[in-house]
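Residue numbers (the UniProt record's numbering), protein chains in the order written: chain A, 1 to 313; chain B, 1 to 250.
This is the structure:
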């Protein structure tokens, strides 16, 4: 069997999600090839070639892929897929955009957001906001799969695969890049952080989030948010954790002023340790967290920050 | 121009579902069903375009059993002009099959824009819009948080990891909606009454001649592993002590 992994990158660095997709592809068994399509992205191909289990890197370097638009990428991937039994990508916003388009071009069903691989054709994935786990069998001629990044460790870097340059595919001319507005942050990425501290409606304001940031600084944590906090404008929408936002599974998740609706739990319930800080002792987050501290977050957060500082000193 | 809005009938987002104890599926009997929340956002977006004079007709379509007529009536109450039910014997079809059916409807209706939710909250697949766009050979604007039509293009700002990306798509195109595109309106009683009189066509699936076979099947479902019961801590010192010594995460 030959598996094609679609590498996610910013043309310079292979993403952590891409390394996790390679690990999942290796678990399927067989030859793992990685497609690096982008512009001036040779360094990404070299990084992909070092990943354990990769037998070949296909490098498609062309201005057509400079913005990673789904329409030209899907045409390229679907053409390559004909020589593979499976195509795998991470279920990030990029993988979710491109892969179903590939499946549509191939006229095959896709299995989204896989959390476990039982066999080359049997997978587990969460449905109903993670309240139910489904076992899904895929017997399509080409299996198109996206994997949940938090369920797979990144592939280690001890391999040495060859890099083969391939020609660009046709330009379908169906979309045009206009602009990016990215949120700048010096903090660890939400999806990959070891510790996440998230705020909800209870934090009350954008200024309230500064209290979370002070604690995050002590912990080296990423900052997340509930939908309520995003909708209220306290933080940008790419901070959102939940069924419709990012899925995280850090070692420590601290939920501050978050009631814990099922849609939020769907995004963080695989965290190793969950801490709830909330004044409402009846809310689902307090009822279900591993450690719950009931009280006023505006008093608790500063003393948490001071306590962490003392522990380090 | 015409806009097509596919809508799905799903378990209401506030209802917590459980796997049947024999693992054969999810028990949906007697649960409250509603329009998929992302599809409400797509409906709202389509109706706003019509109210702005940029769209002449909004057609809602749903695929499933007769029970789906209720979400189509909801779509009509939002302001859709008419509705189409593609009647199927079973409620749950794979997105790849749905995309084939929607392609057949698009071929009949010839809309310039298909506006739909980014994912259904039951199967959480996030596939149908992209599959449909591929099948039609149209551009796709997935996870839209802003949408504007001008000069024969849809300008779509998309929610992506790390921020927002804006793309321009020549029409016709497929756009899938994210949560923050808009706030769906509250449906008023007179509109709900009016919706009862609007046309709702029923097309048997067989009449479309679509291949419904797929290599994907569900082998069974289970409850996710339960968390161990938690403990209530009394102070910040207590919390830090436990996180350091019991849980060993700081």
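Note that beta-carbon positions come from the ideal geometry of N, C-alpha and C, so glycine has one too.
A quick note: this is a predicted structure, and the numbers were derived from the prediction, not measured.
| Query | Result |
| --- | --- |
| Reduced DSSP category for residue 199 of chain A - H, G, I as helix; E, B as strand; rest coil | strand |
| Residue 311 of chain A (DSSP reduced to helix, strand or coil) | helix |
| Chain-ordered chain B contacts of residue 92 of chain A [CB-CB under 8 Å] | 161 |
| Chain B within 8 Å of residue 120 of chain A, Cβ atoms only | no |
| Cβ-based neighbour list, residue 51 of chain A, same chain, cut-off 7 Å, excluding 5 preceding and 5 following | 19, 22, 155, 157 and 159 |
| Contact set for residue 216 of chain A: own chain, Cβ-Cβ below 6 Å, skip 5 residues either direction | 197 and 223 |
| N-terminal and C-terminal residue of the alpha helix (DSSP H) that residue 210 of chain A is part of | 208-219 |
| DSSP bridge partner residues for residue 177 of chain A (one or two, in chain order) | B:167 |
| Reduced DSSP category for residue 291 of chain A - H, G, I as helix; E, B as strand; rest coil | strand |
| C-alpha gap between residue 13 of chain A and residue 60 of chain B, whole angstroms | 43 Å |
| Pairwise C-alpha distance: residue 274 of chain A and residue 237 of chain B | 17 Å |
| Residue 17 of chain A beta carbon less than 8 Å from that of residue 103 of chain A | no |
| Rounded Cβ spacing between residue 7 of chain B and residue 39 of chain B (contact assumed at less than 8 Å) | 4 Å |
| Beta-carbon proximity of residue 3 of chain A to residue 86 of chain A, cut-off 8 Å | yes |
| DSSP bridge partner residues for residue 246 of chain A (one or two, in chain order) | A:241 |
| Length of the line joining the Cα atoms of residue 247 of chain B and residue 225 of chain B | 19 Å |
| Entirely enclosed beta strand (DSSP E) segments - the region 103-164 of chain B, minimum 3 residues | 113-117, 139-150 and 153-160 |
| Straight-line gap, residue 37 of chain B to residue 120 of chain B (C-alpha atoms, nearest Å) | 8 Å |
| Residue 312 of chain A burial status per 10 Å Cβ neighbour count (16 or more: buried) | exposed |
| Contacting residues, own chain, Cβ-Cβ under 8 Å from residue 70 of chain A (five flanking each side not counted) | 97, 98, 101 and 175 |
| Residue 93 of chain A CB to nearest heavy atom of the ligand MG below 7 Å | Within the structure as shown, the ligand MG is missing, as the structure has no ligands at all. |
| Backbone secondary structure at residue 234 of chain A - three-state DSSP | coil |
| Chain A contacts made by the region 199-212 of chain B, where a contact means CB separation under 7 Å | none |
| Per-residue contacts from residue 180 of chain B into chain A (C-beta, under 7 Å) | 237 |
| Rounded separation between residue 216 of chain B and residue 209 of chain B - CA only | 20 Å |
| Residues of the region 198-222 of chain A whose Cβ lies closer than 7 Å to any Cβ of chain B, in chain order | 219 |
| Euclidean distance between Cα positions of residue 81 of chain B and residue 3 of chain B | 10 Å |
| Whole-angstrom C-beta distance between residue 292 of chain A and residue 250 of chain A, which should lie under 8 Å | The pair is not a contact, with the Cβ atoms about 18 Å apart (cut-off 8 Å). |
| DSSP-derived helix/strand/coil call for residue 2 of chain A | strand |
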